[in-house]
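Participant: Got a structure for you, written out below as structure tokens; questions coming shortly.
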Amino acid sequence: MPTVSITVNGELRSAEVEGRTLLVHFLRDHLRLTGTHVGCDTSQCGACTVHVDGVAIKSCSALAVACDGASVTTIEGLAVADQLHPMQQAFHENHGLQCGFCTPGMIMSAIDMVRRNGHDLDEHTIRTQLDGNICRCTGYHNIVRAVQAGAAAMRER
Amino acid sequence: MHAPATSTRIGQPVPRKEDLRLITGKGRYTDDMNLDGQAYAVMVRSPHAHALIRSIDSAEAQAVPGVLAVLTGFDFIEDKLNPIPNKTFSMHPAEMPLINFDGTPAFNVSDYPLPADKARFVGEAIAMVVAETIAAAKDGADRVVIDYEPLPCVTYTVDAASPDAVRVRDEHDNICIDAQVGDAEATAAAFRSAAHVARIKTWVPRVAGSPMEPRAAVGDFDAKTGRYTIYTCSGSTLRLRRDIAIVLNVPEPHVRLVIRDVGGNFGTRGAIFPEQPLVGWAARRVGRPVKWTSERSEALLSDYQGRDLAVEAELALDKDGTFLAIRGSNVGNLGSHTGNFSMVQKGVEIMSSIYRMPTAHFRARAVLSHTAPTRPYRSSGRPEVIFVMERLIDLAARESGLDRVELRRRNLILEAELPYKNPFGMVYDSGAYHKVMERTLELADWRGFAERKAEARKRGKYRGIGVANYVDTATGIPREKAELTVHANGSVDVVIGTVSNGQGHETSFAQLINEWLGVPIDKVRLITGDTDIVTVGGGTHSGRGMRLGSIVIWHASNKIIERGKQVVGLLLQKSPGEIAFSNGLFVAAVGGQSMTLSEVAGAVTSRTDLPPELRGPLMAECDETINDAGFPYGCHVSEVEIDPDLGNVEIIRHTTVDDVGRAVNPLIIHGQTHGGIAQGVGQALLEHCFYDASSGQLLSGSFMDYAMPRADVLPFFTTEISEVPSTTHPLGMRPAGEGGTTPALGVVINAIVDALSDFGVTHMEMPATPERIWRAIRGKPQRSRIVPDAVEQQISLT
Amino acid sequence: MHDFTYHHPNLLSDAAGLLGGKPEAKLLAGGMSLLPSLKLRLARYSDLVDLKAIADLQGIKRAGDAVVIGAMTRHAVVAASDVVKQAIPALAVLAGGIGDPLVRNRGTIGGSIANADPAADYPAGVLGLGATIITDRREIAGEDFFLGLFEVALEPGEIITAVRFPIPLRAGYAKLPHPASRFALVGVMVAKTRAGVRVAVTGAAATVFRLTQAEAALDADFSAAALDGIEVDAGEFSSDIHASAEYRAHAITVMAKRAIDAALR
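Protein chains in written order, with the numbering used here: chain A, 1 to 157; chain B, 1001 to 1798; chain C, 2001 to 2265.
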């Protein structure tokens, strides 16, 4: 079996994995980082979104071996010590989550949206740029508000 | 935006405590559970909608490296396990009873989690492969050879109700209940005298609840004690434990059920599902814990689904538009199990909604078909019939030439008429139905619509507006229990039989404790979902979580205060009557000496000079059966724009006013409404579990074909809370979880039909897809199945 | 997913060598279609040869009157490329509307084209703009590349290295997204080139095709109005639970007009 070495949330993690091991399973099963979720099997829902070398991708559609040498950030790696990431804080303050299952993916995706589109996000941009993430609980109303607030707060950080 | 919370008491929009876990990836959903030595299960599912199982050959699968066991229905029977019991009716005393018109009992049959005789829907689990890894289990599953004899099937609701339909159960026809409710004679007389009659024949199609967390269960078996532990996601605790124990054929205490974070429910996982007892059984068979996690495509095939109601209904009005009577027939599709008749029980009983309706008569049938079983889904039965009622009113407005808002005004029950007994026997408690509708119309700027419509037309868009009122009946399991323990460090443990599936109980229940005991919310620990700790309770369904939870927590809190007063009285040498309690402090009326709640909690466990009856932990419990139903109600207005070239619908505005009696946490309540609206809009525009009629195959079997609502199909919503205290709840509360969905189907379709009225369109079937709208504009039949137009015209929707 | 041996060569020649003699080996580009199909066990391969490390397959450059896009260039990169936005804005629009942002961060033009999903966007771009597929062996005209449902003119072991898009005078792309998958229910690329107008349609049939009747009308008058009265024959079109062939035929005319309007903006 191939060995992969991936820097996950700042820490170098190595493991022997099968070629077919998906990044999400490497995170969940090998590293027990269970904050990254699997909500579908056709790359629609985005619950598995993580950052690979600073870019958000669906970790259910990437091989762990293909991320050898890469730097991966998951939801567990966002908060610095006890300080929440501004996007996490915004989801909390704006009630941008209910059951919380899609939330890690939403937050990771939202942060990437700021990378791509900047800090001043209008409603239309947020809604269209969120189409890789599905939520069943919130009707997106408070998620959109949270992303808007979080994007602005990220500027100040 | 809401004003931020100024305290953490009842009525404040307090940001949720549970968020801090969930936004940092520390939630614990079922698939996050990993037990030492666990094996993995994969289900082998039927590719046929209906087939005899001639034999199952698992030899080749057993030989796959890593495969530990291949289990089938034959093994299940051999192990003397039991089928899953179905509880078909709500027996809640406030509910309208349903009985067969000929007096015979309703047909109800239990279902094997792995059937050994027949497959009855595409996706039904037929065998289970347990292996060292999921991959090995899948390899094994690929090699299980099942010899099927395919049989003809029936999937569509009305087809299944036909007397010559293929039977799902050999021993009985597909009609499980055929009830007549209301007054046939009076209704017929009313129709004879009617000046106007509005008619509708429609089908509220089937949808998938699709909580984002796929179903999962981890089973463990302790051979020494003979005890099972099942970790799973559900809306139910003790009822689920009971059902699992029945299936595993052990006494209830031999099953421990653990529910931690649950990634959504919406009703479709309120009931036991086959894999929950199966992982326990498998754990016993292989001697190791066994985990099963559904994949999404598997979930779309085998999760309990929702809705699926065919309706024919008529509304009679006099010449002034006063409602005289309503009558019709509702046929609900149960799928392949006699699971739950809620769609025709909860549905029919509020068919007349909150309108004055002198009389009514309905036939209610629930039928089996070769499709996945259905269960209550977000507001169960009520969105369907409110859709019908609100469509009928708009049709009646067109028929009579009366204004549709005026028609509603004329017939909405007045505050002075409450409590009001509807023609099905349901007694609505209290409410300001007129005020809420008028406020919604005002918020939605109904008056300004004509201008917006004209402006849209200049852009080539057809704009429409719709209004719909609603009522819900909230019943559910009536018994609930809370156990409160106050600790000397000032913290409070609350053990209760409800379970949160995303509704934020850790916060809203803590607000109750903060209000009544003055304990800060971060010192309140909510303990739920572990049957080793929780002994009584009904879980979360039918708007019962806060509705019943608040009552038992309130009573238990009062008991704590009473005992505290006795203790403080004794210690301060006063009578208990001289001690007042507020904000966590016991104060003597005379002298002003005081003790905090935590000091009292410390005293009762540490002091030896207290009488025995006051010694011991400061705890209290309340175990109550609450037989009153709740009647949340409200109004929605929706405004849409249609692109006539393609038939695309854009929801421009959606405005709601929901009466929750007394709001505990408005932040959470608005969130519930938003999510509920999205599920209603999803059904109105996008979602459909599409079964092919001839093959019984599900054609919407993944998120590539099952259209979930996404952020870009929804607008910001305008939601407002009304608080007219409920008279059936001691604290005035009404449930808040279903009002977003209940009228949303009807209001969106009403808005679409309004937008299309210039084209002569009078009704749209759901989902109102671009193609259906495009066809309606052109006077073509709306497709319900994939057939040529000529055939479509021959098919009755109902 | 069945297991396979994973390779990630740095050189194109190594990639070709790894494929040689292995009939069940498969190239891995962005993996946005390949990995889901493996997960659902719809396909099985002995080896996956990942092209991500091959520098030659990356990048976008202007080459005379054409834009050349490396096969492993991700959709998000094409959508954000100043070169593309300046030379062929319609292509940037097309790339920016594929799937969703997370898919666009990963999916590649080469992978999309080689997969030839009947509802993918890029095939309409290739055919509509008259692009040329450059492989490690030869150049293939877009015209000759898409043969049918998931079927292209690549030989076993042949690797797409880049796609060359001639810069049109004007072009527009309009897509009616599938409500669930966000592929194209219908997608139309309209391009006005020196050699005439080209109209390519994806999503409606087993493979991308040119709408010649519309091209003739637009050659005479490049305006949306020129398509009034054009009836598209639904004969061979796809019919499924989301749209009938008849609706798709209608939507093609609507989307073509919108693509023209976009081209004229």
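Glycine residues also receive a C-beta, built at the ideal position from the N, C-alpha and C atoms.
Mark B/Asp-1159 as exposed unless 16 or more other C-beta atoms lie within 10 angstroms of its C-beta, in which case mark it buried.
Facilitator: Taking the first residue of the second sequence as 1, we reach residue 1159 of chain B at position 159. So B/Asp-1159 ends up on the buried side.
Participant: Three or more beta-carbon pairs under 8 Å between the segment 1745-1753 of chain B and the segment 1706-1725 of chain B, yes or no?
Facilitator: no
Participant: In chain C, which residues lie less than 7 Å from B/Phe-1690 when you measure between Cβ atoms?
Facilitator: Taking the second sequence and counting its residues from 1, one reaches residue 1690 of chain B at position 690. Ordered by position in chain C, the residues that pass the 7 Å Cβ test against B/Phe-1690 are Ile-2241.
Participant: With DSSP run on the structure shown, which of helix, strand or coil describes B/Glu-1451?
Facilitator: As a position in the second sequence, residue 1451 of chain B is number 451, starting the count at 1. Three-state result, B/Glu-1451: helix.
Participant: Would you call the segment 1132-1142 of chain B and the segment 1055-1066 of chain B in contact, with 3 or more CB pairs under 8 Å?
Facilitator: Yes: the two stretches touch, three or more of their Cβ pairs being nearer than 8 Å.
Participant: Taking A/Leu-63 as the query, report the chain C residues whose CB atoms sit under 9 Å from its CB, ordered along the chain.
Facilitator: As a first step, residue 63 of chain A must be located in the first sequence, where it is residue number 63. By Cβ distance, chain C contributes Tyr-2006, Leu-2028, Gly-2031, Leu-2035, Leu-2048, Asp-2050.
Participant: State the DSSP-derived secondary structure class of B/Gln-1180, mapped to helix, strand or coil.
Facilitator: In the second sequence, counting from the first residue as 1, residue 1180 of chain B sits at position 180. Three-state result, B/Gln-1180: strand.
Participant: Quick one, which residues of the segment 2220-2235 of chain C are near chain B if we go by CB-CB under 7 Å, in chain order?
Facilitator: Within the segment 2220-2235 of chain C, not one residue has a Cβ closer than 7 Å to any Cβ of chain B.
Participant: Have a look at C/Ile-2241 and B/Phe-1690 and give me their C-alpha separation to the nearest angstrom.
Facilitator: Taking the first residue of the third sequence as position 1, residue 2241 of chain C is located at position 241. Taking the first residue of the second sequence as position 1, residue 1690 of chain B is located at position 690. For C/Ile-2241 and B/Phe-1690, the distance between alpha carbons rounds to 8 Å.
Participant: B/Phe-1703 touches chain A at which residues, Cβ-Cβ below 7 Å?
Facilitator: Here residue 1703 of chain B corresponds to residue number 703 of the second sequence, with the count starting at 1. Correct list: Cys-40, Thr-42, Gln-44, Cys-45.
Participant: State yes or no: is the beta carbon of C/Tyr-2102 nearer than 8 Å to at least one beta carbon in chain A?
Facilitator: As a position in the third sequence, residue 2102 of chain C is number 102, starting the count at 1. As written in the sequence, residue 2102 of chain C is Leu, which differs from the Tyr given in the question. Using a CB distance cut-off of 8 Å, C/Leu-2102 counts as an interface residue toward chain A.
Participant: Hey, C/Gly-2142 and C/Leu-2127: beta-carbon distance below 8 Å or not?
Facilitator: Locating residue 2142 of chain C in the third sequence gives position 142, where the first residue counts as 1. Locating residue 2127 of chain C in the third sequence gives position 127, where the first residue counts as 1. In this structure, C/Leu-2127 lies closer than 8 Å to C/Gly-2142 by Cβ.
Participant: Report buried or exposed for B/Thr-1155, applying the criterion of at least 16 other Cβ atoms within 10 angstroms of its Cβ.
Facilitator: In the second sequence, residue 1155 of chain B corresponds to position 155, counting from 1. Buried.
Participant: Tell me whether B/Ala-1468, by its Cβ, gets closer than 7 Å to a heavy atom of the ligand FMN.
Facilitator: No copy of the ligand FMN occurs in the structure displayed, which carries no ligand at all.
Participant: What's the C-alpha gap between C/Leu-2017 and C/Ala-2029?
Facilitator: Walking along the third sequence from the start, residue 2017 of chain C turns up at place 17. Walking along the third sequence from the start, residue 2029 of chain C turns up at place 29. Reading off the sequence shown, one finds Gly at residue 2017 of chain C, where the question assumed Leu. Going from the Cα of C/Gly-2017 to the Cα of C/Ala-2029 covers about 17 Å.
Participant: Note down, in chain order, every chain C residue with its Cβ under 9 Å from the Cβ of B/Tyr-1040.
Facilitator: Taking the second sequence and counting its residues from 1, the one referred to as residue 1040 of chain B is at position 40. Those within 9 Å of B/Tyr-1040 in chain C number zero; the least Cβ separation is about 14 Å.
Participant: Would you give the residue range spanned by the alpha helix (DSSP H) that B/Gly-1545 belongs to?
Facilitator: Sequence index remark: in the second sequence, residue 1545 of chain B carries index 545 (1-based). Start and end: 1545-1572.
Participant: Quick check: is the beta carbon of A/Gly-150 nearer than 8 Å to any beta carbon in chain B?
Facilitator: Walking along the first sequence from the start, residue 150 of chain A turns up at place 150. Chain B, which has no Cβ nearer than 8 Å to the Cβ of A/Gly-150, makes this no.
Participant: Measure from the C-beta of A/Gly-139 to each C-beta in chain C and report whether the shortest distance is under 8 Å.
Facilitator: Position 139 of the first sequence holds residue 139 of chain A. Chain C contact via Cβ: absent.
Participant: For B/Lys-1319, count neighbouring Cβ atoms within 10 angstroms of its own Cβ and tell me buried if that reaches 16, exposed if not.
Facilitator: In the second sequence, residue 1319 of chain B corresponds to position 319, counting from 1. Exposed.
Participant: Just checking: is the beta-carbon of C/Val-2251 within a distance shorter than 8 Å of some beta-carbon in chain B?
Facilitator: Residue 2251 of chain C sits at position 251 when you count from the first residue of the third sequence. Checking the displayed sequence, the identity of residue 2251 of chain C turns out to be Ala instead of Val. Yes, its Cβ sits closer than 8 Å to a Cβ of chain B.
Participant: Considering Cα atoms alone, identify which of B/Val-1258, B/Val-1367, B/Val-1290, B/Arg-1288 is closest to B/Ala-1161.
Facilitator: What you label residue 1161 of chain B is simply residue 161 of the second sequence in a count that begins at 1. Per the Cα distances, B/Val-1367.
Participant: Is C/Arg-2170 close to chain A, meaning its C-beta is less than 8 Å from at least one C-beta of that chain?
Facilitator: Start at 1 with the first residue of the third sequence, and residue 2170 of chain C comes out as number 170. Output row for C/Arg-2170: interface = no.
Participant: Measure the beta-carbon distance from C/Met-2255 to C/Leu-2176 and round it to whole angstroms, keeping in mind my assumption that it falls under 8 Å.
Facilitator: Position 255 of the third sequence, counted from the first residue, corresponds to residue 2255 of chain C. Position 176 of the third sequence, counted from the first residue, corresponds to residue 2176 of chain C. Rounded, the Cβ-Cβ distance is 6 Å, consistent with contact.
Participant: Measure from the C-beta of A/Gln-83 to each C-beta in chain B and report whether the shortest distance is under 8 Å.
Facilitator: Here residue 83 of chain A corresponds to residue number 83 of the first sequence, with the count starting at 1. For A/Gln-83, the answer is no, since every Cβ of chain B falls outside 8 Å of its Cβ.
Participant: If we count Cβ pairs, one from each stretch, closer than 8 Å, do we get three or more for the segment 1701-1714 of chain B versus the segment 124-140 of chain A?
Facilitator: yes
Participant: So, is the C-beta of B/Asp-1032 closer than 8 Å to a C-beta in chain A?
Facilitator: Locating residue 1032 of chain B in the second sequence gives position 32, counting from the first residue. By this cut-off, B/Asp-1032 is an interface position.
Participant: Under a CB-based cut-off of 8 Å, is C/Ser-2181 close to chain B?
Facilitator: Residue mapping note: residue 2181 of chain C aligns to position 181 of the third sequence, counting from 1. For C/Ser-2181, the answer is yes, since a Cβ of chain B falls inside 8 Å of its Cβ.
Participant: Counting only beta-carbon separations shorter than 8 Å, does A/Glu-11 have a partner in chain B?
Facilitator: One-based indexing of the first sequence puts residue 11 of chain A at position 11. Taking Cβ atoms only, chain B never reaches closer than 8 Å to A/Glu-11, which makes this a no.
Participant: Do we get a CB-CB distance below 8 Å when we pair B/Val-1791 with the residues of chain C?
Facilitator: For the purposes of this step, residue 1791 of chain B is identified with residue 791 of the second sequence, where counting begins at 1. Its pLDDT being 45, under 50, B/Val-1791 is placed unreliably in this model, and the coordinates cannot settle the point.
Participant: With a cut-off of 8 Å on the beta carbons, I'd call C/Ala-2124 and C/Gly-2196 a contact; round off their distance for me.
Facilitator: Taking the first residue of the third sequence as 1, we reach residue 2124 of chain C at position 124. Taking the first residue of the third sequence as 1, we reach residue 2196 of chain C at position 196. Wrong, their Cβ atoms sit about 17 Å apart, outside the cutoff.
Participant: Quick one: grab the DSSP three-state call for B/His-1763.
Facilitator: For this step, residue 1763 of chain B is matched to residue 763 along the second sequence. Reduced to three states, the DSSP call for B/His-1763 is coil.
Participant: Would you please state the rounded distance, in angstroms, between the beta carbons of C/Pro-2118 and C/Gly-2203? I believe it to be under 8 Å.
Facilitator: Start at 1 with the first residue of the third sequence, and residue 2118 of chain C comes out as number 118. Start at 1 with the first residue of the third sequence, and residue 2203 of chain C comes out as number 203. Indeed they touch by this definition, with Cβ atoms about 7 Å apart.
Participant: Going straight from the alpha carbon of B/Asn-1411 to that of B/Ala-1325, what length do you get?
Facilitator: The residue you call residue 1411 of chain B lines up with position 411 of the second sequence. The residue you call residue 1325 of chain B lines up with position 325 of the second sequence. Spanning the two alpha carbons is a distance of roughly 12 Å.
Participant: Taking C/Tyr-2247 as the query, report the chain B residues whose CB atoms sit under 7 Å from its CB, ordered along the chain.
Facilitator: Position 247 of the third sequence holds residue 2247 of chain C. Here the neighbours are Glu-1771, Trp-1774.
Participant: Give the interface partners of B/Leu-1699 over in chain C, defined as CB-CB distance under 8 Å, in chain order.
Facilitator: To locate residue 1699 of chain B, count along the second sequence from 1; it is residue 699. What B/Leu-1699 touches in chain C: Asp-2240, Ile-2241.
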